[in-house]
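> Residue numbers for the sequence shown follow this note's numbering, so the first one is 65 and each next one is one higher. My questions will all concern the structure given below.
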Amino acid sequence: MRLLETQEVGRLVYTRAGLPAVAPVNYTLRDNEVWVWTGSLWSIAQASRGAVVAFEVDHMDLATQWAWSVCVLGRATLVTDPLSQQRALLDGPAPWVCGATDGLVRITLAKVSGRRVMPHVRHAAGPLPDPRLLYAAVRSPATEDQVPVAAGRAAGLL
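Below is the structure:
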């Protein structure tokens with residue numbers, strides 16, 4: 065959750081006409097909820113019906129090759145209370161999409177996941193092993209099928 069507090073722009077993933085859609089939005093994190101200014105077109109049509117959405121934030125430092133990504137899933141609701149809207153304007157970043165003050169959406173977090181990416185580090189003992197050797201075949205105790213192993217962890221077993 066701390067990583068979400070370090071950025072101001074994320075991606076809102078929602079359903080439009082039965083298909084997935086993604087929109088860059090600015091946001092603020094308040095009381096373990098993500099508050100997003102979306103504009104009236106999407107927010108009134110979808111959020112007022114309690115749609116389940118995804119929200120993703122990431123950061124990458126090209127100089128150091130460190131990166132992270134956080135994805136949250138939750139139910140979106142339209143915030144119609146003028147006092148809450150005014151507080152969101154004062155507390156968070158100002159909407160940067162033209163007309164975005166028409167729709168304020170609150171995403172109640174149900175699931176949070178993420179990952180960190182670190183640069184490859186050369187070991188003092190020598191160069192990194194051949195990447196093809198990081199993948200081997202092992203037997204899955206559940207299926208007795210062969211499953212790939214990446215960096216010492218059986219893929220699909222975690």
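All C-beta atoms in this analysis are idealised placements derived from N, C-alpha and C, irrespective of residue type, glycine included. Computed from a predicted structure; not experimentally measured.
Give me the DSSP bridge partner(s) of S177.
C135
> To the nearest whole angstrom, what separates the beta carbons of W130 and V181, a pair I think is in contact under 8 Å?
7 Å
> A158 lies in the alpha helix (DSSP H); which residues open and close that run?
Unbroken run through A158: none, as it is neither H nor E.
> Looking only at C-alpha atoms, which of N96, T172, T92, P88 sits nearest to Q149?
T92
> If you draw a straight line from the alpha carbon of S133 to that of D145, how long is it in whole angstroms?
32 Å
> Please name the residue, chosen from T141, N96, R139, L153, that lies closest to L67 on a Cα-to-Cα basis.
N96
> Could you spell out where the beta strand (DSSP E) holding L83 opens and where it closes?
That run of the beta strand (DSSP E) goes 83-94.
> Smallest Cα separation from G82: which of A115, E69, V121?
A115
> According to DSSP, simplified to helix, strand and coil, what is A219?
With a pLDDT of only 41 at A219, under the threshold of 50, the placement of this residue in the model should not be trusted, and no figure is reported.
> In angstroms, rounded to a whole number, what distance separates the CA positions of E120 and L126?
Near 19 Å, if we compare the C-alpha coordinates of L126 and E120.
> Put R113 into one of helix, strand or coil per three-state DSSP.
helix
> Roughly how many angstroms separate the alpha carbons of A201 and R139, rounded to a whole number?
Annotation note: pLDDT 43 at A201 (below 50); position unreliable, coordinate value reported separately. C-alpha separation (whole angstroms): 40 Å.
> Pick out whichever of R113, A87, M124, T79 has its Cα sitting closest to the Cα of Q71.
M124
> Using the three-state DSSP reduction, which class does L126 fall into: helix, strand or coil?
coil
> Need the endpoints of the beta strand (DSSP E) that G103 sits in, please.
From DSSP, G103 is part of no beta strand (DSSP E); its letter is neither H nor E.
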